[in-house]
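**Student:**
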Amino acid sequence: MNFEVFVLGTSGMMPLPNRNLTSAMIRREGELFLFDCGEGTQVSLKKLNLKWKKINSIFISHMHADHVTGLPGILMLSSQVDRDTPLTLYGPGRLKEYVDANRRILDIYINYEIIVKTVEEGVILEEEEFVVRAFELNHTKPCFGYVFEEKKRPGLFHPEVAQSLGIPMGPMWGILQKGGSVTLEDGRVIQPSDVMGDLREGRKFSYVTDSLYSPRIAEYVKESDLFLCEGMFTDDLVESAREKKHMTASDAARIAKEANVKQLGLLHYSPRYSDYELRYLLKDAKKVFANTVLSKDRMRFSLPLKD
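In our numbering, the protein residues as written are 66 to 372.
Encoded structure:
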């Protein structure tokens, strides 16, 4: 069961030759989930061969231009594909106004249903196998971070235990592995817990950008397998970061450490830093949290199953 995260863009404020504006994509079991949609998102989708029609949902952090200017172009792609399922957009209150205005002014042809949902803190999407939560961030406009977390999976099936209990190999084994109980010929009822190990944790991805540091962020992103977080400035510009309500790279690392995440991927870099100078952001972060990487445009992370 694959779970991949693609970084589509890493720049903040403006695109650069080697950096599109910030956005990220989950690919899980053939479905795509997009987080923010800055300028250049389409370019990365094309280069990575990620299919637009597979996008299930789009999650927008806030209504600053560098996080939404790619959205009209993404919506216009509908005229080029055959899509028969709705597309749901999640974001702050003015997202629907923005989408409606673009559709009207640009006369965008859309041949499928678009649903825009205004986000509040808490669970915003729940399916059989996963849940998506939103939580408020402290920025100059209403802004949200997102957590995509798989639900726990059944434990490992122990065939030797099943055999010792007299459960015949065949359909009954399959029923037990899917969480159902079975009744044997002698009347005994066997529960999944009789032949299965402990439930296995699902995988967890968290996305945070454009916010002041806050210890409450760690409460939401704790134990994430991958934590993508803005690291916009180096420590020497901490006052500028505070004034603009952004984080330094070491702020992001501090959250990663407090939350005990497995890996931190920095993004949303200030355009003041050249590609060479980004190493200083990484250096600041690694002083606090060793397992930090500089996300790059079109970088792929793979989150393995937990057994």
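From the three backbone atoms N, C-alpha and C, an ideal C-beta is built for every residue, glycine too.
Pop quiz: K269 and E288 are said to be a contact at Cβ under 8 Å. What is the actual Cβ separation, rounded to whole angstroms?
**Tutor:** On the sequence shown, position 204 is the one that residue 269 refers to. On the sequence shown, position 223 is the one that residue 288 refers to. Yes, K269 and E288 are in contact; Cβ-Cβ is about 6 Å, under 8 Å.
**Student:** Can the beta-carbon of L277 be found less than 8 Å from the beta-carbon of L368?
**Tutor:** Residue numbering aside, residue 277 sits at position 212 when the sequence shown is read from its first letter. Residue numbering aside, residue 368 sits at position 303 when the sequence shown is read from its first letter. Cβ atoms of L277 and L368: not closer than 8 Å.
**Student:** Just how far apart, CA to CA, sit K119 and R365?
**Tutor:** For this step, residue 119 is matched to residue 54 along the sequence shown. For this step, residue 365 is matched to residue 300 along the sequence shown. Spanning the two alpha carbons is a distance of roughly 18 Å.
**Student:** Buried or exposed for N85, going by 16 or more other Cβ atoms inside 10 Å?
**Tutor:** Residue numbering aside, residue 85 sits at position 20 when the sequence shown is read from its first letter. So N85 ends up on the buried side.
**Student:** Would you report the Cα separation of F209 and K243, rounded to the nearest angstrom?
**Tutor:** Residue numbering aside, residue 209 sits at position 144 when the sequence shown is read from its first letter. Residue numbering aside, residue 243 sits at position 178 when the sequence shown is read from its first letter. Approximately 35 Å, taken between the alpha carbons.
**Student:** Report the rounded CA-to-CA distance for L370 versus I170, giving the unit in angstroms.
**Tutor:** Position 305 of the sequence shown, counting from 1, holds the residue named residue 370. Position 105 of the sequence shown, counting from 1, holds the residue named residue 170. In a straight line, the C-alpha of L370 is about 45 Å away from that of I170.
**Student:** Hey, how far is the Cα of V72 from the Cα of L329?
**Tutor:** Locating residue 72 in the sequence shown gives position 7, counting from the first residue. Locating residue 329 in the sequence shown gives position 264, counting from the first residue. Whole-angstrom Cα-Cα distance: 13 Å.
**Student:** Rounded to the nearest angstrom, how far is the Cβ of E215 from that of E191, given a contact under 8 Å?
**Tutor:** Position 150 of the sequence shown, counted from the start, is the residue given in the question as residue 215. Position 126 of the sequence shown, counted from the start, is the residue given in the question as residue 191. In fact, because the Cβ distance is near 12 Å, the residues do not count as touching under 8 Å.
**Student:** Identify the residues that DSSP records as bridge partners of A89: which are they?
**Tutor:** As a position in the sequence shown, residue 89 is number 24, starting the count at 1. V72 and F100, per the DSSP bridge assignment.
**Student:** Using the DSSP secondary-structure output, state which residues sit across from A199 in a beta bridge.
**Tutor:** Start at 1 with the first residue of the sequence shown, and residue 199 comes out as number 134. BP columns for A199 point to G187 and Y211.
**Student:** Of the residues R344, M261 and V353, which one's Cα is nearest the Cα of K322?
**Tutor:** In the sequence shown, residue 322 corresponds to position 257, counting from 1. Of R344, M261 and V353, the residue nearest in Cα terms is V353.
**Student:** Which partner residues does F292 have in the DSSP bridge list?
**Tutor:** Locating residue 292 in the sequence shown gives position 227, where the first residue counts as 1. According to DSSP, which records beta bridges pairwise, F292 is partnered with S271 and L329.
**Student:** For the alpha helix (DSSP H) containing R168, list its first residue and its last residue.
**Tutor:** Locating residue 168 in the sequence shown gives position 103, counting from the first residue. Residues L160 to I170.
**Student:** For S246, count neighbouring C-beta atoms within 10 Å of its own C-beta (all shown protein chains included) and say buried if the count is 16 or more, exposed if not.
**Tutor:** Within the sequence shown, the letter at position 181 stands for residue 246. Exposed: under 16 other Cβ atoms inside 10 Å.
**Student:** With a CB to CB cut of under 6 Å and the five nearest residues on each side skipped, what residues in its chain are close to L136?
**Tutor:** One-based indexing of the sequence shown puts residue 136 at position 71. So the qualifying residues of the chain are C102.
**Student:** Return no unless some Cβ of chain B is closer than 8 Å to the Cβ of H311.
**Tutor:** No chain B appears in this structure, which consists of one protein chain only.
**Student:** Going along the chain, which residues of its own chain have a beta-carbon closer than 8 Å to the beta-carbon of I232, five neighbours each way excluded?
**Tutor:** Looking up residue 232 in the sequence shown gives position 167. If we look at I232 and ignore the five residues flanking it on each side, its Cβ neighbours are W238, L241, V247, L249, I255 and V260.
**Student:** Where does M127 land, buried or exposed, given buried means 16+ other C-beta within 10 angstroms?
**Tutor:** In the sequence shown, counting from the first residue as 1, residue 127 sits at position 62. For the sequence presented, residue 127 should be read as His rather than Met. Looking at its Cβ environment, which holds 16 or more other Cβ atoms inside 10 Å, H127 is buried.
**Student:** Just reading off the beta strand (DSSP E) that V108 is part of, what are its end residues?
**Tutor:** In the sequence shown, the residue the question calls residue 108 occupies position 43. Premise fails: V108 lies in the alpha helix (DSSP H), T106 to K112, not in any beta strand (DSSP E).
**Student:** According to DSSP, simplified to helix, strand and coil, what is R307?
**Tutor:** In the sequence shown, counting from the first residue as 1, residue 307 sits at position 242. Reduced to three states, the DSSP call for R307 is helix.
**Student:** Looking only at C-alpha atoms, which of A199, V196, T150 and G156 sits nearest to I175?
**Tutor:** The sequence position of residue 175 within the sequence shown is 110, counting from 1. Out of A199, V196, T150 and G156, T150 has the C-alpha closest to the C-alpha of I175.
**Student:** Assign L293 to one of two classes, buried (16 or more other C-beta atoms within 10 Å of its C-beta) or exposed (fewer than that).
**Tutor:** Position 228 of the sequence shown, counted from the start, is the residue given in the question as residue 293. The residue in question, L293, is buried, as its Cβ has 16 or more Cβ neighbours within 10 Å.
**Student:** Whose CA, out of A130, Q107 and P280, lies closest to the CA of F200?
**Tutor:** Here residue 200 is taken as the residue at index 135 of the sequence shown, counted from 1. Residue P280 is the option with its Cα nearest to F200.
**Student:** Roughly how many angstroms lie between the CA atoms of V184 and V196, to the nearest whole one?
**Tutor:** Start at 1 with the first residue of the sequence shown, and residue 184 comes out as number 119. Start at 1 with the first residue of the sequence shown, and residue 196 comes out as number 131. Distance between the alpha carbons of V184 and V196: 14 Å.
**Student:** Between Y177, L160 and M90, which lies nearest to V133 when the distance is taken from Cα to Cα?
**Tutor:** Taking the first residue of the sequence shown as position 1, residue 133 is located at position 68. Cα-wise, what sits closest to V133 is L160.
**Student:** What are the boundary residues of the beta strand (DSSP E) that includes R365?
**Tutor:** Residue mapping note: residue 365 aligns to position 300 of the sequence shown, counting from 1. Taken as a continuous stretch (DSSP letters only), the beta strand (DSSP E) holding R365 covers M364 to S367.
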